[in-house]
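Visitor: Taken in order, these protein sequences are the chains called V and C. Read the first sequence against the numbering used here and you will find it ends at 165, with the numbers running on by one and no gaps. Read the second sequence against the numbering used here and you will find it ends at 1165, with the numbers running on by one and no gaps. C-beta atoms are modelled at their ideal positions from N, C-alpha and C, and glycine is treated no differently. Here the structure is a predicted model, which is why all the values come from computation and not from measurement. Below you'll find the structure I mean.
2 protein chains.
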Amino acid sequence: METVFEIKPIGIIRTPYVSSAPYQPVENANEGDFYLVVNPEYANGLYKLESFKYIYVIYFLNRIDREPSMIVSPPWSNGKRVGLFASRSPLRPNPIGISVVELKGINDNIVYISSLDAFDKTPLIDIKPYIKDLDTKEDANHGWVDDLEDKEHLILHIKGIPHDY
Amino acid sequence: METVFEIKPIGIIRTPYVSSAPYQPVENANEGDFYLVVNPEYANGLYKLESFKYIYVIYFLNRIDREPSMIVSPPWSNGKRVGLFASRSPLRPNPIGISVVELKGINDNIVYISSLDAFDKTPLIDIKPYIKDLDTKEDANHGWVDDLEDKEHLILHIKGIPHDY
């Protein structure tokens, strides 16, 4: 029998994306449009979280209902084919999403955050502090995106910055 | 009935930590001691991953068998009490671990990485590229650790740098 592990929601993510979500966070979304509603039994676990500028939001992409392909062609990559694990595609063997977001404030069990690319009511499964010395890699790269001709344009998409071309 | 989601291993993590793991990665572990063994059916998903300097390794902390407390006192924090979600404690409602590691090389279904703090044979559940513009936050902080008197010392622990005091 195949080993499986169970995970459970610890809350939900509220976003303006009811029927469609951008592939990556949009920078011009309204403040206050994005927040986490943590189940009351976990609210005490948020103590001191507010001391962090950034947090990891970890969620379960529960709208995914297809088997993943091992080779994918990410949006706006102009047909470039890469391995699934070299992409941030939501269609993965374990559809777990991870976003680094700015922490805007906490009120009881509500955590206000900067935008992220998840549908409204996506199940929240964990929150972790983003800790500068562990998680900030200043010499990181953009991998295969760095090799593409229109890299600068693609990076606008990756960062979710609106643009006209 | 409570909602639960199922996740499944996509491979295992090999590390030198058979019976005890450091709280955070140690910098002086041997090259080649840390690698991911991806199940053969997912090996094609690694195509082009090697173009990234850093990757996220996502794993299931399957040795955890206790209910988490919502208030924790992280190791070497001198008794500081913080919320579970303001810590990287492995004892969480969903025991999912996330580490940013350096990608050293890939050989078929084996991914060589820099050190991380997981026990040998920890189930691997996902690999994602760490993409500079999405994941590197140069203005990130250390949250509540920044307020402690011996912050510099604690950061050595967080970074897993061996030291004598």
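Determine the burial state of Asp126 of chain V: buried for a count of at least 16 other Cβ atoms within 10 Å of its Cβ, exposed for fewer.
Guide: Sequence index remark: in the first sequence, residue 126 of chain V carries index 126 (1-based). By the 10 Å Cβ count, Asp126 of chain V comes out buried.
Visitor: Note the first and the last residue of the continuous beta strand (DSSP E) segment covering Glu1006 of chain C.
Guide: Sequence index remark: in the second sequence, residue 1006 of chain C carries index 6 (1-based). First-last of the beta strand (DSSP E) with Glu1006 of chain C: 1005 to 1007.
Visitor: So which residues of chain V does Arg991 of chain C contact, with C-beta pairs closer than 7 Å?
Guide: Outside the displayed range of chain C (1001 to 1165) lies residue 991 of chain C, so it cannot be described from this structure.
Visitor: Just to confirm before moving on: does the CB-CB distance between Pro93 of chain V and Tyr1130 of chain C stay below 8 Å?
Guide: Taking the first sequence and counting its residues from 1, one reaches residue 93 of chain V at position 93. Taking the second sequence and counting its residues from 1, one reaches residue 1130 of chain C at position 130. No.
Visitor: Counting along the chain, where does the beta strand (DSSP E) carrying Glu102 of chain V start and finish?
Guide: For this step, residue 102 of chain V is matched to residue 102 along the first sequence. Counting along the chain, Glu102 of chain V sits inside the beta strand (DSSP E) bounded by residues 96 to 107.
Visitor: List the residues of chain B that Gly83 of chain V touches, going by C-beta distances under 7 Å, in chain order.
Guide: Any reference to chain B falls outside this structure, whose protein chains are V and C.
Visitor: With a threshold of 8 Å between beta-carbons, can His157 of chain V be considered close to chain C, or not?
Guide: The count along the first sequence starts at 1 and reaches residue 157 of chain V at position 157. No, His157 of chain V lies away from the interface with chain C (no Cβ there is under 8 Å from its Cβ).
Visitor: Are there 16 or more other CB atoms within 10 angstroms of the CB of Val18 of chain V, so buried, or fewer, so exposed?
Guide: Along the first sequence, read from residue 1 onward, the residue named residue 18 of chain V stands at position 18. Looking at its Cβ environment, which holds fewer than 16 other Cβ atoms inside 10 Å, Val18 of chain V is exposed.
Visitor: Do three or more CB pairs link the segment 1073 to 1087 of chain C to the segment 101 to 108 of chain V at distances below 8 Å?
Guide: no
Visitor: Considering only residues of the same chain and omitting the five flanking positions on each side of Trp1144 of chain C, which have a CB-CB separation below 8 Å?
Guide: For the purposes of this step, residue 1144 of chain C is identified with residue 144 of the second sequence, where counting begins at 1. So the list reads Lys1080, Val1082, Ala1086, once near-sequence residues are dropped.
Visitor: Relative to the C-alpha of Ala118 of chain V, which candidate in V:Val37, V:Phe60, V:Leu49 has its C-alpha closest?
Guide: In the first sequence, the residue the question calls residue 118 of chain V occupies position 118. For the residues V:Val37, V:Phe60, V:Leu49, the minimum Cα distance to Ala118 of chain V belongs to V:Phe60.
Visitor: Mind listing the chain V neighbours of Lys1132 of chain C? Cutoff is C-beta to C-beta under 7 Å, in chain order.
Guide: What you label residue 1132 of chain C is simply residue 132 of the second sequence in a count that begins at 1. In chain order: Ala140, Asn141, His142.
Visitor: Determine the burial state of Thr3 of chain V: buried for a count of at least 16 other Cβ atoms within 10 Å of its Cβ, exposed for fewer.
Guide: Numbered from its first residue, the first sequence carries residue 3 of chain V at position 3. By the 10 Å Cβ count, Thr3 of chain V comes out exposed.
Visitor: The alpha helix (DSSP H) that contains Asp133 of chain V, what's its start and end?
Guide: Position 133 of the first sequence, counted from the first residue, corresponds to residue 133 of chain V. The continuous alpha helix (DSSP H) containing Asp133 of chain V extends over residues 132 to 135.
Visitor: Express the C-alpha separation of Phe52 of chain V and Asp135 of chain V in angstroms, rounding to a whole number.
Guide: Stepping through the first sequence from its first residue, residue 135 of chain V is reached at position 135. Stepping through the first sequence from its first residue, residue 52 of chain V is reached at position 52. For Asp135 of chain V and Phe52 of chain V, the distance between alpha carbons rounds to 13 Å.
Visitor: Taking the alpha-carbon of Leu91 of chain V as reference, which of C:Lys1128, C:Glu1102, C:Ile1071 has the nearest alpha-carbon?
Guide: Along the first sequence, read from residue 1 onward, the residue named residue 91 of chain V stands at position 91. It is C:Lys1128.
Visitor: Please list, in chain order, all residues of the same chain as Ile166 of chain V whose beta carbon is under 8 Å from its beta carbon, the five residues on each side excluded.
Guide: This structure cannot speak to residue 166 of chain V, because chain V is shown only from 1 to 165.
Visitor: Buried or exposed for Arg88 of chain V, going by 16 or more other Cβ atoms inside 10 Å?
Guide: By 1-based counting over the first sequence, the position of residue 88 of chain V is 88. Arg88 of chain V is buried by the Cβ-count criterion.
Visitor: Do we get a CB-CB distance below 8 Å when we pair Tyr1054 of chain C with the residues of chain V?
Guide: Here residue 1054 of chain C is taken as the residue at index 54 of the second sequence, counted from 1. Closer than 8 Å: yes.
Visitor: Take the Cβ of His1142 of chain C as the centre, count every other Cβ of all protein chains shown within 10 Å, and call the residue buried at 16 or more, exposed below.
Guide: Locating residue 1142 of chain C in the second sequence gives position 142, where the first residue counts as 1. Buried: at least 16 other Cβ atoms inside 10 Å.
Visitor: To the nearest angstrom, how far is the alpha carbon of Ile1096 of chain C from that of Ile1058 of chain C?
Guide: If you number the second sequence from 1, residue 1096 of chain C lands on position 96. If you number the second sequence from 1, residue 1058 of chain C lands on position 58. Approximately 7 Å between the Cα atoms of the pair.
Visitor: If you follow the alpha helix (DSSP H) that Pro159 of chain V is in, where does it begin and where does it stop?
Guide: For the purposes of this step, residue 159 of chain V is identified with residue 159 of the first sequence, where counting begins at 1. Inspection of the sequence shows that residue 159 of chain V is occupied by Lys rather than by Pro. Per DSSP, Lys159 of chain V is one residue of the alpha helix (DSSP H) stretching across 151 to 159.
Visitor: Since Pro1074 of chain C is in the beta strand (DSSP E), which residue starts that stretch and which ends it?
Guide: Translated into positions along the second sequence, residue 1074 of chain C becomes position 74. Per DSSP, Pro1074 of chain C belongs to no beta strand (DSSP E) and is neither H nor E.
Visitor: Only counting the same chain, and skipping five residues up and downstream in sequence, which positions put a Cβ closer than 8 Å to that of Val1038 of chain C?
Guide: Walking along the second sequence from the start, residue 1038 of chain C turns up at place 38. Same-chain partners within the cutoff: Ile1010, Gly1011, Gly1045, Leu1046, Asn1109, Ile1110, Val1111, Leu1124, Ile1127.
Visitor: Cβ of Asp33 of chain V less than 8 Å from any chain C Cβ?
Guide: As a position in the first sequence, residue 33 of chain V is number 33, starting the count at 1. Chain C, which has no Cβ nearer than 8 Å to the Cβ of Asp33 of chain V, makes this no.
Visitor: Indicate whether at least one CB of chain C lies closer than 8 Å to the CB of Phe119 of chain V.
Guide: By one-based count along the first sequence, residue 119 of chain V stands at place 119. Closer than 8 Å: no.
Visitor: Counting only Cβ pairs nearer than 8 Å, list the residues of chain C close to Asp135 of chain V.
Guide: Counting from one through the first sequence, the residue named residue 135 of chain V turns up at place 135. Near Asp135 of chain V (Cβ distances below 8 Å), the residues of chain C are Val1100, Asp1135, Lys1137, Ala1140.
Visitor: Measuring straight from C-alpha to C-alpha, what distance separates Asp1033 of chain C and Ile1155 of chain C?
Guide: Here the question's residue 1033 of chain C lines up with position 33 in the second sequence. Here the question's residue 1155 of chain C lines up with position 155 in the second sequence. Spanning the two alpha carbons is a distance of roughly 24 Å.
Visitor: Check the Cβ of Pro9 of chain V against every Cβ in chain C and list those closer than 7 Å, keeping chain order.
Guide: What you label residue 9 of chain V is simply residue 9 of the first sequence in a count that begins at 1. Neighbours of Pro9 of chain V on chain C, chain order: Thr1003.
Visitor: So who's on the other strand from Pro90 of chain V, going by DSSP bridges?
Guide: The residue labelled residue 90 of chain V in the question sits at position 90 within the first sequence. Beta-bridge pairing links Pro90 of chain V to no other residue.
Visitor: To which residues of the same chain is Leu148 of chain V closer than 8 Å at the C-beta, ignoring the five residues directly before and after it?
Guide: Here residue 148 of chain V refers to the residue found at position 148 of the first sequence. Excluding residues within five positions, the ones whose Cβ falls inside 8 Å are Ser77, Asn78, Lys80, Leu154.
Visitor: Taking the straight line between their C-alpha atoms, what separation do you get for Glu1050 of chain C and Leu1103 of chain C?
Guide: Position 50 of the second sequence, counted from the start, is the residue given in the question as residue 1050 of chain C. Position 103 of the second sequence, counted from the start, is the residue given in the question as residue 1103 of chain C. Rounded to the nearest angstrom, the two C-alpha atoms are 7 Å apart.
Visitor: Can you give the beta carbon distance from Lys8 of chain V to Tyr1054 of chain C, rounded, assuming they're within the 8 Å contact cut?
Guide: Within the first sequence, residue 8 of chain V is the residue found at index 8, counting from 1. Within the second sequence, residue 1054 of chain C is the residue found at index 54, counting from 1. About 30 Å; that fails the 8 Å criterion.
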